[in-house]
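Student:
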Amino acid sequence: MNDIVEYGLREAYKSMKSMDKLAQIDPMIEWESLRPLMKDLYRNDTIKGGRPDIDEIVMIKTLFLQSMYNLPDESMEKELYNRIDFRNFLHYPEIIPDSRTIWLFRRDYHQRERIRSYGNIYGRIWRIMALL
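Numbered by the numbering used here, the letters in the sequence shown go through residues 3 to 134 in order.
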């Protein structure tokens, strides 16, 4: 992300941080512990061309936000651009997932979840949420 834009977003966020529920949730979940579970699910062979993948943690967090706020893919993309608290929750990624990327990631996750157990990632996250 452009340094000046990122700085502006972070400064604007400071004034609303105390009201942000997502800022309280983020440190309660060990997001990095989910990365190995998603490693083989989400990869793009960029040697053959194409855009590199968006970070797995950004994608998992995006699906979590989408589930929490009950947003369709197109609205999720829009909210990721418009809401400072969403950007902060994702740690200000350089690339914001578009609606098609969100749809494909969710589809692949659910297809593989049926075939193999990924330790039910969302089950883990929602159990933590129930403790709040």
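We treat Cβ as the ideally placed atom computed from N, Cα and C, and that holds for glycine.
I'd like to know whether the C-beta of Arg109 is nearer than 9 Å to at least one C-beta of chain B.
Tutor: Any reference to chain B falls outside this structure, which holds one protein chain only.
Student: Any chance you could list the beta strand (DSSP E) runs of at least 3 consecutive residues sitting entirely within the stretch 53-100, in chain order?
Tutor: The stretch 53-100 contains no whole beta strand (DSSP E) run of 3 or more residues.
Student: Confirm, please, whether the CB-CB distance from Asp28 to Phe91 is below 9 Å.
Tutor: In this structure, Asp28 lies closer than 9 Å to Phe91 by Cβ.
Student: Classify Met21: buried if its beta carbon has 16 or more other beta carbons within 10 angstroms, exposed otherwise.
Tutor: So Met21 ends up on the exposed side.
Student: With distances taken between CB atoms, is the gap from Leu24 to Tyr94 smaller than 9 Å?
Tutor: No. Outside cutoff.
Student: Measuring alpha carbon to alpha carbon, tell me which residue in Asp75, Gly52, Leu82, Met70 is nearest Ile98.
Tutor: Answer by Cα proximity: Leu82.
Student: For Ile31, name the three-state secondary structure that DSSP assigns.
Tutor: Three-state DSSP puts Ile31 in coil, outside helix and strand.
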